[in-house]
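Number of protein chains: 2
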Amino acid sequence: MKRATPPSCPMEALLRLITGPWTIYILWVLSEQGPQRFGELKRAVPGISTRMLTERLRMLQRAGVVWRKQAQTIPPAVTYGLTDRGKELRSVLDSLGEVAQRWQAEGTFELAPVSGRQLNGP
Amino acid sequence: MKRATPPSCPMEALLRLITGPWTIYILWVLSEQGPQRFGELKRAVPGISTRMLTERLRMLQRAGVVWRKQAQTIPPAVTYGLTDRGKELRSVLDSLGEVAQRWQAEGTFELAPVSGRQLNGP
DNA sequence: ATTATCAGTTACTTTTTTGTGCCTACTTTC
DNA sequence: GAAAGTAGGCACAAAAAAGTAACTGATAAT
Chain D
1 MKRATPPSCP MEALLRLITG PWTIYILWVL SEQGPQRFGE LKRAVPGIST
51 RMLTERLRML QRAGVVWRKQ AQTIPPAVTY GLTDRGKELR SVLDSLGEVA
101 QRWQAEGTFE LAPVSGRQLN GP
Chain S
1001 MKRATPPSCP MEALLRLITG PWTIYILWVL SEQGPQRFGE LKRAVPGIST
1051 RMLTERLRML QRAGVVWRKQ AQTIPPAVTY GLTDRGKELR SVLDSLGEVA
1101 QRWQAEGTFE LAPVSGRQLN GP
């Protein structure tokens, strides 16, 4: 049956963006290591499949968070990087990571997902 | 086959927590409206199923973000609320919402999920 | 001459997640 | 005396997400 679609929230889009497996990992690599080519990125995010990487990048691109530059050479060379918007996002991730680390340091943060999906992040 | 499990990230647990449908919505209601009983909460989060609400609350509870007080009356009365840790999380959500609203105001933030799961938030 | 590289795309399969409906057991209300 | 509310639990089915493998097309290297 259809999935319930409750009223939308100002954060919904943003969360839909950074949510989902690999996404933050990708953003992280991109902001730490700078613009990368597809293959580099794939190697930098160990375990990700081509399909997933493509999909996530397309999503981030559509959201205007990541740019894509394609050189019409053979073989093709495609480079991805963070847009200005993407860098704004980075600051959010930083503050998120801050709390995460604080909690981790306190050590009391146990997390046994019941039905939580895998997140796959760095 | 098994899902790929790449190296873990300091933010993984935190993201796994606030990720997933309804979760932020629930946290939001709890922090805006204060402690609530199960039924109230369910009505405050329109469209959520009993199963989902229970599951999310259990998860948040295990993470120490939400407390649960059960009155052994008949019928039973169970109340949920944010712990101190949960309130810390709130500040993160606030800053997240800040960026979200800014982007929304700019209007350039389009988001057509390719294979993004539903997030279901307020 | 076969193979590898690049950046994907497509189709197919499996795994995970979510919704639905039915049940509890007692009390208060219509 | 039947119905509704309370806080869920359980089993089953549907839907969505992610993995896998095979394919693209031209070139460069072995």
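Line by line, the protein sequences give chains D and S. Just so we're aligned: 50 in this note's numbering is position 50 of the first sequence, and the numbers increase by one with no gaps anywhere. Just so we're aligned: 1022 in this note's numbering is position 22 of the second sequence, and the numbers increase by one with no gaps anywhere. A virtual CB, placed ideally from N, CA and C, is assigned to each residue, including glycine.
| Query | Result |
| --- | --- |
| Other residues of its chain near S:L1060: CB distance less than 6 Å, five sequence neighbours each side excluded | V1066 |
| Under 7 Å from the C-beta of D:V92: neighbouring residues of chain S | S1095, L1096 and V1099 |
| Spatial neighbours of D:A44 in its chain, beta-carbon cut-off 8 Å, leaving aside the 5 residues before and after | V29, Q33 and Q36 |
| Segments assigned alpha helix (DSSP H), at least 4 residues, entirely inside the stretch 38 to 109 of chain D | 38 to 44, 50 to 62 and 84 to 106 |
| Cβ pair S:R1056, S:I1026 closer than 8 Å | yes |
| Contact list for D:E40 against chain S, beta-carbon separation under 9 Å | Those do not exist, as D:E40 stays about 16 Å from chain S at its closest Cβ, beyond 9 Å. |
| Interfacial residues, the stretch 16 to 29 of chain D to chain S, with Cβ spacing under 7 Å | R16, L17, T19, G20, I24 and Y25 |
| Supposed close pair D:I48, S:L1015 - CB separation, criterion 8 Å | That belief does not hold up - the Cβ atoms of D:I48 and S:L1015 are roughly 16 Å apart, past 8 Å. |
| Residue from S:S1091, S:E1098, S:D1084 and S:G1081 with nearest C-alpha to D:E89 | Rather than Glu, the amino acid found at residue 89 of chain D in this sequence is Leu. Ranking S:S1091, S:E1098, S:D1084 and S:G1081 by Cα distance to D:L89 puts S:E1098 first. |
| Counterpart residues of D:Q36 in DSSP-defined beta bridges | D:Y80 |
| Chain-ordered neighbours of D:E88 on chain S, where CB pairs are closer than 9 Å | V1099, R1102 and W1103 |
| Beta-carbon spacing of S:Q1070, S:V1078 below 8 Å | yes |
| Rounded Cβ spacing between D:L41 and D:Y80 (contact assumed at less than 8 Å) | 6 Å |
| CA nearest to the CA of D:G64, picked from D:G39, D:R51, D:L93 and D:D84 | D:D84 |
| Status (buried if at least 16 other CB within 10 Å, exposed otherwise) for S:E1106 | exposed |
| CA nearest to the CA of S:P1076, picked from S:V1092, S:R1051, S:F1038 and S:L1053 | S:F1038 |
| Under 8 Å between C-beta atoms of S:V1092 and D:S31 | no |
| Per-residue burial, D:P21 [other beta carbons within 10 Å of its own, 16 or more giving buried] | buried |
| D:T50 burial status per 10 Å Cβ neighbour count (16 or more: buried) | exposed |
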